[in-house]
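Its first residue numbered 0, the sequence shown is counted upward by one per residue in numbering that gives the first Met the number 0. Heads up, the beta-carbon is just placed ideally off N, CA and C, and yes, glycines get one too.
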Amino acid sequence: MTDPTVILGIESSCDETSCALVADGRRVLANVVASQIDMHARFGGVVPEIASRAHVEAVNSVIERALAQAGVAPRSLAAVAVTNEPGLIGSLLVGLMAAKTLAWTWGLPLIGVNHVYAHAVAAALDGEPVEYPAVALICSGGHTALYRCEGPTRMTLLGTTIDDAAGEAFDKAAKILGLSYPGGPAIQKAAEHGDGARVPFPRSLLRGASLDFSFSGLKTALLYHVNGVPGARAARPRRQAGPARLRRKTQPHAGEGVERFTGQEIADVAASFQAAVVDTLRIKLRRAAELVSAKSIILGGGVAANAALRAAVTGLAEKLRIPLRLPKFAYCLDNAAMVAAMGYYHLQEGKVDTLELEANPTVRG
Ligand code: KG4
Ligand code: ZN
Numbered sequence: 000m001t002d003p004t005v006i007l008g009i010e011s012s013c014d015e016t017s018c019a020l021v022a023d024g025r026r027v028l029a030n031v032v033a034s035q036i037d038m039h040a041r042f043g044g045v046v047p048e049i050a051s052r053a054h055v056e057a058v059n060s061v062i063e064r065a066l067a068q069a070g071v072a073p074r075s076l077a078a079v080a081v082t083n084e085p086g087l088i089g090s091l092l093v094g095l096m097a098a099k100t101l102a103w104t105w106g107l108p109l110i111g112v113n114h115v116y117a118h119a120v121a122a123a124l125d126g127e128p129v130e131y132p133a134v135a136l137i138c139s140g141g142h143t144a145l146y147r148c149e150g151p152t153r154m155t156l157l158g159t160t161i162d163d164a165a166g167e168a169f170d171k172a173a174k175i176l177g178l179s180y181p182g183g184p185a186i187q188k189a190a191e192h193g194d195g196a197r198v199p200f201p202r203s204l205l206r207g208a209s210l211d212f213s214f215s216g217l218k219t220a221l222l223y224h225v226n227g228v229p230g231a232r233a234a235r236p237r238r239q240a241g242p243a244r245l246r247r248k249t250q251p252h253a254g255e256g257v258e259r260f261t262g263q264e265i266a267d268v269a270a271s272f273q274a275a276v277v278d279t280l281r282i283k284l285r286r287a288a289e290l291v292s293a294k295s296i297i298l299g300g301g302v303a304a305n306a307a308l309r310a311a312v313t314g315l316a317e318k319l320r321i322p323l324r325l326p327k328f329a330y331c332l333d334n335a336a337m338v339a340a341m342g343y344y345h346l347q348e349g350k351v352d353t354l355e356l357e358a359n360p361t362v363r364g
């Protein structure tokens, strides 16, 4: 048996500092994550300066712990992979500098990884390989996008959000409802005992064959519902410049009317909001799966941790008779295991970078 190809991955694009060691692109030997959620919670979103400082403080110990947990000596590593795009520039730079230092010191190849694409290989971690062509729905705090995947590194964008990302919509909705940050888990919890059919929130951009998403109208409808504007429905989606994760600080104020709501009403509104997001994602995913004649469906990103979305997509895959690849809970949220895995696939194709590798904050197709 040949020795496994072990890659050390580093992730620091937003508010998680993570280091992982992954063998042959799928077997996770260690995945250490230092989350900054508590530091950003009181601001209701990620504060870039706080994030970069926290990465600097955490990165060395996260790397040391991952190496110790995996029990792998640096000389046994095949490469160092690092998220170099997209993300908060100050945060990306911390991980990139750490990765360059390790690659130079240990004489290893350096491999830059796209964070959004990496979410699409998370489903195979500690699992079976994916069958291609696949369709991938990646929904997180910064991104909501559908891809046709010919292989782990060959992604073609089919549709993306024209305004808010799905996770961003959850975060803003939670703020409007006076729930905690991050909003996704808070809305999911509040929705547990709610009636998802109670409030008929809009499902945007469903007409025609569009595979793009829009969630800002839904957020506005929620704000109007909470503040008691009668008959208010979705605002028309607006095009905005720049990646969604960089706009996360522009959050609406908590709905002033939420104090009037009983616990049951909040549960019903949360469940109705969640149902609107999940419906939209499921409908577009179905369109995309049919369009590309997908042999498998991949879900990824923080919102893939949502129980209602997982159930809806499971039902869809059964209906379409297409195998579904759901990432384990720990690999939905930002982590370095998916970065190491993507590094492995790049290495197999001979795609390695030099120490000149730059950080790129913006999203590309
Ligand atoms: O992938 P991720 O960790 O970071 C980015 O790449 O942005 O995703 C974080 C996002 C947050 O917006 C969070 O509210 C959302 O994922 N999220 C969820 C759940 N858990 C996390 N959204 C819905 N339901 C959840 N259970
Ligand atoms: Zn992410």
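Would you decide whether residue 84 is buried or exposed? Buried here means 16 or more other CB atoms lie within 10 Å of its CB. buried
Consider the C-beta atom of residue 333 and the heavy atoms of the ligand ZN; say whether any pair is separated by less than 6 Å. At a cut-off of 6 Å, the beta-carbon of residue 333 counts as near the ligand ZN: some heavy atom of the ligand is closer than that.
At a threshold of 6 Å, does residue 292 count as lining the ligand ZN (C-beta to nearest heavy atom)? no
With which residues is residue 22 paired in a DSSP beta bridge? BP columns for residue 22 point to 5 and 26.
Could you have a look at residue 353 and say whether DSSP puts it in helix, strand or coil? coil
Can residue 175 and residue 269 be called in contact, C-beta distance under 7 Å? no
Residue 139: beta carbon under 6 Å from a heavy atom of the ligand SAM? Annotation note on the ligand SAM: not contained in the displayed structure, which lists the ligand KG4 and the ligand ZN as its ligands.
Start and end residues, beta strand (DSSP E) containing residue 146: 143 to 150
So residue 324 and residue 123 are supposed to be a Cβ contact under 8 Å. How far apart are they, rounded? 7 Å
Hey, residue 132 and residue 318 are a contact pair by Cβ (cut 8 Å); roughly how many whole angstroms apart? About 19 Å separates the two Cβ atoms, so there is no contact after all.
Sequence-distant residues of the same chain with beta carbon closer than 8 Å to residue 208, five excluded per side: Taken in chain order, the residues that qualify are 286.
Mapping the DSSP letters down to three states, classify residue 359 as helix, strand or coil. coil
Taking the beta strand (DSSP E) that residue 138 falls in, what are its first and last residues? Unbroken beta strand (DSSP E) run through residue 138: 133 to 138.
Would you check if the distance between the CB atom of residue 6 and the CB atom of residue 78 is smaller than 7 Å? Less than 7 Å separates the beta-carbon of residue 6 from that of residue 78.
Anticipated Cβ contact below 8 Å, residue 50 with residue 87, distance rounded: 6 Å
Closer than 8 Å by C-beta to residue 90: which residues in its own chain qualify, once you throw out the five before and the five after it? Chain order, please. Result list for residue 90: 11, 12, 13, 14, 47, 50, 51 and 54, in chain order.
Quick check on DSSP: helix, strand or coil for residue 261? coil
Among the residues of its own chain, which have a CB less than 6 Å from the CB of residue 267, if the five just before and after it don't count? Cβ neighbours of residue 267 beyond the five flanking positions: 193, 194 and 197.
In its own chain, which residues sit with a C-beta less than 6 Å from the C-beta of residue 32, not counting the 5 before and 5 after it? 15, 17 and 334
Within the continuous alpha helix (DSSP H) that includes residue 304, where are the two ends? Per DSSP, residue 304 belongs to no alpha helix (DSSP H) and is neither H nor E.
Give the secondary structure of residue 15 by DSSP, where H, G and I count as helix, E and B as strand, and everything else as coil. strand
Please go through the same chain and pick out, in chain order, the residues whose beta-carbon is closer than 6 Å to the beta-carbon of residue 102, but skip the five residues on each side of it. 79 and 109
With contact counted as at least three CB pairs below 8 Å, one residue from each stretch, are the stretch 271 to 287 and the stretch 138 to 156 in contact? Taking a contact to require three or more Cβ pairs closer than 8 Å, the stretch 271 to 287 and the stretch 138 to 156 qualify as touching.
Which same chain residues, not among the five before or five after residue 23, have their C-beta less than 7 Å away from its C-beta? 3, 4 and 343
So is residue 150 buried or exposed if we call it buried at 16+ other beta carbons inside 10 Å? exposed
Grouping DSSP H, G and I as helix and E and B as strand, with all else coil, what is residue 123? Here DSSP, grouped into helix, strand and coil, assigns residue 123 to helix.
Looking at the unbroken alpha helix (DSSP H) that takes in residue 84, where does it start and where does it end? No alpha helix (DSSP H) contains residue 84, which is instead part of the beta strand (DSSP E) from 76 to 84.
Beta-ladder partner(s) of residue 110, from DSSP: 80
Leaving out five residues on either side along the sequence, give the residues of the same chain with a beta carbon under 7 Å from the beta carbon of residue 237. For residue 237, the predicted structure reports a pLDDT of 45, less than 50, and the residue's modelled location is therefore unreliable. The matter cannot be settled from this model.
Beta-carbon within less than 8 Å of residue 309's beta-carbon, same chain only, minus the 5 sequence neighbours each way: which residues are those? 298, 303 and 325
Distance, residue 166 Cα to residue 327 Cα: Distance between the alpha carbons of residue 327 and residue 166: 18 Å.
Throw me the rounded Cβ distance for the residue 136 and residue 71 pair, which I believe falls under 8 Å. Not really, about 33 Å apart at Cβ, beyond 8 Å.
Assign residue 271 to one of two classes, buried (16 or more other C-beta atoms within 10 Å of its C-beta) or exposed (fewer than that). When all chains shown are included, residue 271 counts as buried.
Assuming residue 157 is part of the beta strand (DSSP E), what are its boundary residues? 153 to 159
Please tell me whether, using a cut-off of 6 Å, the distance from the CB of residue 195 to the nearest non-hydrogen atom of the ligand KG4 is below it. no
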